[in-house]
Amino acid sequence: MVPKISTLGGYIFEYQKSITNPTGFWTNIAESFYWRKKWDTVLDWNFTEPSIQWFINGKLNITENIFERYLFHRGDQPAIIWEPNDPNEEFVTLTYHQLFERVKKFSNVLLSHGVKKGDRVAIYMPMIPELPIAMLACARIGAIHSVVFGGFSAQSLSERIQDAGATLLVTADGGYRGSKTIPIKEIADEAMDHCSCVKTAIVARRTGEQVNMVAGRDLWWHDLEEAASPVHKAEEMDSEDPLFILYTSGSTGKAKGLVHTTAGYMVYTAYTFRNVFQYSDGDIYFCSADIGWVTGHSYLLYGPLLTGATTLMFEGIPTWPNAGRYWEIVDKHKVNQFYTAPTAIRSLMALGNEWLDGKHLGSLKVLGTVGEPINEEAWHWYHDHVGKNRCPIVDTWWQTETGGIMISPLAGIIPTKPSFATLPMMGVHPVILDANGKELHGNSVEGNLCINYPWPGMARTIWGDHKRFRDTYFSTYPGHYFTGDGAKRDEDGYYRILGRVDDVINVSGHRLGTAEIENAINGHPLVHESAVVGFPHPIKGQGIYAYVVCTEFSTGGEEGIRTSVLKTVSKFIGPFARPDKVQIVTGLPKTRSGKIMRRILRKIAENQVDNFGDTTTLLNPEIIDELLEGAKRLNGN
Ligand code: WTA
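Mapping the sequence shown onto the working numbering, position 357 (from 1) lands on 351, and the numbers just tick up by one.
As structure tokens, this is what we get:
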């Protein structure tokens, strides 16, 4: 088991050690895992190419560190508790032993369908136990999983399948989310129509509804699992063999497939999980994220299972059948650590405290947040009403690229401050730079957040495009990993994340590139051009504001265009990326060189009517009045 820090003095001491002697520090942590063969060199790196390798020439399998390592003493302990969407349906518990049996069987299923080490397997599933089973089976045979969030459209799924060159897709008939049934297989079918690389689709049954099974391609999970052998020896993997690809949005159009490798990711997620949440044996840990995002990968699945924890996965949504659903789950399963997104907290807060009435919540010890800045009001509500003033809140800052938590309190150890992610994790060396790349030393500074030393959990590349990896993260400030976030270091040396400084917006904790949404909108036949910006939204954190240039309308006029623009975005990306506001305009403010002046668009979206700064370089300054007028109508003021 990885060591756990238990005092503030311990944190300060270990942190110093991890910065002055990072390789010594991580060697010590890595020693607690099971290796088929230990590494020759701990770390080799440069941030120029960039090339990052940890635990070089080590041989291992991450699933042996989940199963074989724990089986003797944890076989009968619950590994996963699955809570269904509908509270009237029975929950399912999979012990370490049961989960292991199912993972081994599914490993054999994948092998018998021709999946080999290094092949990519796409996974498009609702939150059912077969999703983590499929991921762990991939890891066990050395296939690289690429999980695509079940809310993405057929188009997005197909792009991701093709980019990764996946040969097999694991999916389901459908999924339940609140009162809705999602036609997962139908969406997967449409995606597969556009990608020839997928030879086999394995379909888990969840909703039981009629689906189209293509002969020679589609197979039912349960038939295959039933017939499979439960005997399987894990494939030997190199430390730097890829474990998974996970797509995320950036400031340019196409999603990026971040690649995480085996050993570093394993060491980092397990270490951070145990220390941030102060997980103790026997605790029940509940992360409400969907496994389709990085939080689900690192802190619903890998981090907890590598710690021998009991991890609870929930199929549904926080507001169905009512806004007390999370609290009911906490009481029902005696949850000790609860990890969610600020957007969920804000939406539950807005629905009133009565949903907490009658809920005990006495089992809770630690509360966590992730994915976006948490405002003070939501922080206090969470602390007072959910945590009953007893539970420390860990506001964890990190990214798909970082693999694991980078800046966060260790629960109960590092004193918290509302809306501050506080202090860096072991081995993490954050720096704040100004726009010219000059490091701002000392406290009470604000600027762009970079990290200037590698940590084991960091992504190694972008699948198929290493140059893009370099250009995106390592070229803005040579020698540093640039996070894309702004941050402040206050008078106590605490970090507060201020949000993205690039063209990425964070909507309900979902990361979206404005260019990606613009591309989708531009796919509408009557749209000439569009510009998307974020604006402050009381529940979602940021809302999506789209300015759409459109000069001819079909039937339905402006309103008709608005509706069909939303449909287009759903089709190209998914319903969660639909703009909150669509303003139809005749043009966009552009400089003489043809660049859109987004600063003005952001101000108007934020409901500001003046102080647009220097507009002398605008080619068409008269457009501002039109935009203001239209925004006024749209906002009803
Ligand atoms: C934002 C999610 C403020 C940030 C794990 C980052 C946060 C982006 C926090 C990554 C936090 C994440 N406080 N902002 N505690 N955590 N973010 O890749 O802008 O989906 O760059 O990873 O979310 O989003 P991603």
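Think of the CB as a built atom: it goes at the ideal place given N, C-alpha and C, for glycine as much as any other residue.
Keep in mind the model is a prediction, meaning the values are calculated, not measured.
Taking residue i as part of the beta strand (DSSP E), name the residues at either end of that continuous run.
i, result
"Q47", "S45 to I50"
"N330", "That residue, N330, is in no beta strand (DSSP E); it is neither H nor E in DSSP."
"K482", "Y475 to R483"
"A73", "P72 to E77"
"E440", "V439 to I445"
"M307", "T304 to F308"
"H504", "H504 to G507"
"A198", "T194 to A198"
"I491", "Y489 to R494"
"L427", "P424 to L427"
"F280", "I278 to C281"
"R171", "G169 to R171"
"V501", "V498 to V501"
What number of angstroms, rounded off, separates the C-alpha of residue i from the C-alpha of residue j?
i, j, result
"D235", "T255", "5 angstroms"
"P336", "V225", "43 angstroms"
"D486", "Y541", "41 angstroms"
"E249", "R505", "Looking at the sequence provided, one finds Ala at residue 249 rather than Glu. Approximately 11 angstroms, taken between the alpha carbons."
"L622", "D604", "10 angstroms"
"I632", "G441", "The chain is shown from -5 up to 631; residue 632 falls before or after that span and cannot be answered."
"R87", "P78", "One detail in the question is off: residue 87 reads as Thr in this sequence, not Arg. C-alpha separation (whole angstroms): 11 angstroms."
"F280", "F332", "5 angstroms"
"A509", "T246", "6 angstroms"
"E641", "K227", "Nothing about residue 641 can be read from this structure; the chain reaches only from -5 to 631."
"G18", "P450", "13 angstroms"
"G69", "A303", "12 angstroms"
"W314", "N82", "12 angstroms"
"F463", "M452", "12 angstroms"
8 angstroms is my cut-off, CB to CB: does residue i come that close to chain D?
i, result
"M129", "You won't find chain D in this structure, because it holds only one protein chain."
Compare the C-alpha of residue i against each of the options and name the closest.
i, options, result
"V576", "A525, T549 and T201", "A525"
"P120", "F280, G286 and R627", "G286"
"I75", "A338, Y64, F61 and L93", "L93"
"Y5", "P403, P519 and S502", "P403"
"A338", "P532, R154 and Y471", "P532"
"W349", "E322, H327 and A221", "E322"
"G397", "T194, R454, T466 and Y170", "R454"
"E43", "A133, H460 and A429", "H460"
"I311", "G352, Y90 and G169", "G169"
"I594", "T609, T557 and G588", "T609"
"K32", "Y90, G588 and S233", "S233"
"I456", "E184, I590, D113 and T394", "T394"
"T289", "Y467, W392 and I407", "W392"
"V498", "Y320, T477 and Q204", "T477"
Can you check whether the CB of residue j is closer than 8 angstroms to the CB of residue i?
i, j, result
"L613", "R586", "yes"
"L151", "A128", "no"
"V521", "A599", "no"
"K53", "M307", "no"
"A166", "A116", "no"
"D38", "I23", "no"
"S147", "S564", "yes"
"T580", "E620", "yes"
"K111", "A137", "yes"
"T201", "T161", "no"
"Y488", "L427", "no"
"T263", "S292", "yes"
"T363", "I399", "no"
"R134", "V97", "yes"
"D484", "S438", "yes"
"P424", "I408", "no"
"V103", "A222", "yes"
"A415", "R340", "no"
"L361", "Y376", "yes"
Could you give the residue range of the alpha helix (DSSP H) that holds residue i?
i, result
"D641", "There is no way to answer for residue 641, as the model of the chain reaches only from -5 to 631."
"L622", "I617 to N629"
"H216", "W215 to A221"
"G297", "G297 to L300"
"D465", "H460 to Y467"
"T17", "P16 to A24"
"R68", "L65 to R68"
"L342", "P336 to A344"
Checklist entry - Which parts of the region 356 to 404 are runs of the alpha helix (DSSP H), unbroken and 4 residues or longer, counting only runs that do not cross its ends? => result Complete alpha helix (DSSP H) runs here, min 4: 370 to 375.
Checklist entry - At what residue ranges does the region 568 to 596 contain a whole run of the beta strand (DSSP E), taking only runs of 3 or more? => result Counting only runs of at least 3 residues, the region 568 to 596 fully encloses the following beta strand (DSSP E) elements, listed from N- to C-terminal order: 575 to 579.
Checklist entry - Enumerated in chain order, which unbroken segments of the alpha helix (DSSP H) with a length of 4 residues or greater are wholly contained in the region 224 to 276? => result Segments of the alpha helix (DSSP H) lying fully in the region 224 to 276: 256 to 270.
Next on the checklist: My parser needs the beta strand (DSSP E) runs of 3 or more residues fully inside the region 525 to 567; what are they?
Outcome noted: You should have 535 to 543.
Item to check | beta strand (DSSP E) segments (min. 3 residues) lying fully within the region 89 to 162 | outcome: The beta strand (DSSP E) runs of length 3 or more contained entirely in the region 89 to 162 are, from start to end of the chain, 114 to 117 and 138 to 141.
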